[in-house]
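For this note's numbering, count along the sequence shown from 1 and bump the result up by 323. Every residue, glycine too, gets a C-beta built ideally from N, C-alpha and C. Worksheet: one structure, shown below.
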Amino acid sequence: MSLGLAYDPESHRIDFRDITVDSRALRVRAEAKAWLKGLDNGVPDALVGQIAISDLKADPEGLFETPVALTQGAIDVKLTLSPFRLQLGQLSLMDGANRISAKGDFRAEKEGWATALDFNVDAIESARLLALWPVLMVPKTRDWLRQNVATSELFNVAAGLRVTPGQEQ
324 MSLGLAYDPE SHRIDFRDIT VDSRALRVRA EAKAWLKGLD NGVPDALVGQ IAISDLKADP
384 EGLFETPVAL TQGAIDVKLT LSPFRLQLGQ LSLMDGANRI SAKGDFRAEK EGWATALDFN
444 VDAIESARLL ALWPVLMVPK TRDWLRQNVA TSELFNVAAG LRVTPGQEQ
């Protein structure tokens with residue numbers, strides 16, 4: 324892993340240059356900017372960040388059937404520390420000419436994690452959709468698609484995931 328880092332105390336901005344992760348499970352090249360918010364007492368209340376991805380290959384053991392490679396992406400996030408919350412304002416990944424996007428909200432609650440995540444794909448072939456679909460995420464729906472959709476191109480695909488603490492998965 325390598326990383327170039329610069330901090331501007333006037334704007335409270337952190338620049339992350341030449342972010343490189345090169346491991347068996349993840350290869351990524353990116354740059355990012357983050358702003359520290361609410362520094363009234365010297366400790367930030369939140370961090371707002373933008374990440375530009377120029378290369379991404381993910382192959383965590385057991386997550387996908389085959390490695391996933393994407394060429395470009397952008398992420399906008401806000402991390403609030405108290406209470407702990409991560410807001411995904413935008414995730415936009417390019418898979419060839421197709422755009423995969425997501426937005427979401429992840430909160431640490433007393434009973435556990437609360438998650439709301441929405442995905443959209445402008446167009447995708449069914450085989451590629453299954454290749455990008457994590458193996459253990461909603462496996463019955465994934466299996467139904469594999470068994471009942473032989474080959475097709477899907478347009479304007481939308482999906483959502485909601486997790487509530489204490490709710491059976």
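Does the beta-carbon of residue i have 16 or more other beta-carbons within 10 angstroms, so that it is buried, or is it exposed?
i           : result
residue 341 : exposed
residue 467 : exposed
Do you know offhand how far residue i's Cα is from residue j's?
i           : j           : result
residue 421 : residue 405 : 37 Å
residue 352 : residue 364 : 34 Å
residue 476 : residue 349 : 28 Å
residue 330 : residue 366 : 15 Å
residue 488 : residue 390 : 31 Å
residue 328 : residue 397 : 19 Å
residue 449 : residue 472 : 7 Å
residue 460 : residue 357 : 30 Å
residue 315 : residue 339 : Because residue 315 is not part of the residues shown, which for the chain are 324 to 492, the question remains open.
residue 434 : residue 332 : 37 Å
residue 512 : residue 374 : Look at the range of the chain in this structure, 324 to 492, and you will see that residue 512 is not part of it.
Considering just the uninterrupted stretch of the beta strand (DSSP E) at residue i, what are its terminal residues?
i           : result
residue 325 : 325-331
residue 459 : It is not in any beta strand (DSSP E) - residue 459 carries neither H nor E in the DSSP assignment.
residue 364 : Where residue 364 is concerned, there is no enclosing beta strand (DSSP E), given that its DSSP letter is neither H nor E.
residue 397 : 395-403
residue 413 : 408-418
residue 438 : 435-448
Would you call the CB atoms of residue i and residue j closer than 8 Å?
i           : j           : result
residue 440 : residue 483 : yes
residue 392 : residue 380 : yes
residue 388 : residue 431 : no
residue 408 : residue 429 : yes
Specify, as a first and last residue, the run of the alpha helix (DSSP H) that residue i falls within.
i           : result
residue 465 : 462-471
residue 347 : Neither: residue 347 is in no alpha helix (DSSP H) and is coded neither H nor E.
residue 475 : No alpha helix (DSSP H) holds residue 475; DSSP gives it neither H nor E.
Please determine, among the options, the residue with the shortest C-alpha to C-alpha distance to residue i.
i           : options            : result
residue 443 : 329, 433, 413      : 413
residue 445 : 347, 424, 463      : 424
residue 436 : 326, 354, 396, 486 : 486
residue 376 : 467, 430, 344      : 344
residue 383 : 426, 458, 481, 479 : 458
residue 354 : 325, 370, 347      : 325
residue 426 : 410, 378, 419      : 410
residue 395 : 336, 415, 490      : 415
residue 334 : 360, 399, 463      : 360
residue 403 : 490, 346, 369      : 369
residue 419 : 378, 433, 386      : 378
residue 479 : 447, 490, 462      : 447
residue 347 : 469, 385, 456, 481 : 385
residue 481 : 474, 463, 456      : 456
Quick check on residue i - is its C-beta less than 8 Å from some C-beta in chain B?
i           : result
residue 417 : Note that chain B does not occur in the displayed structure, where there is just one protein chain.
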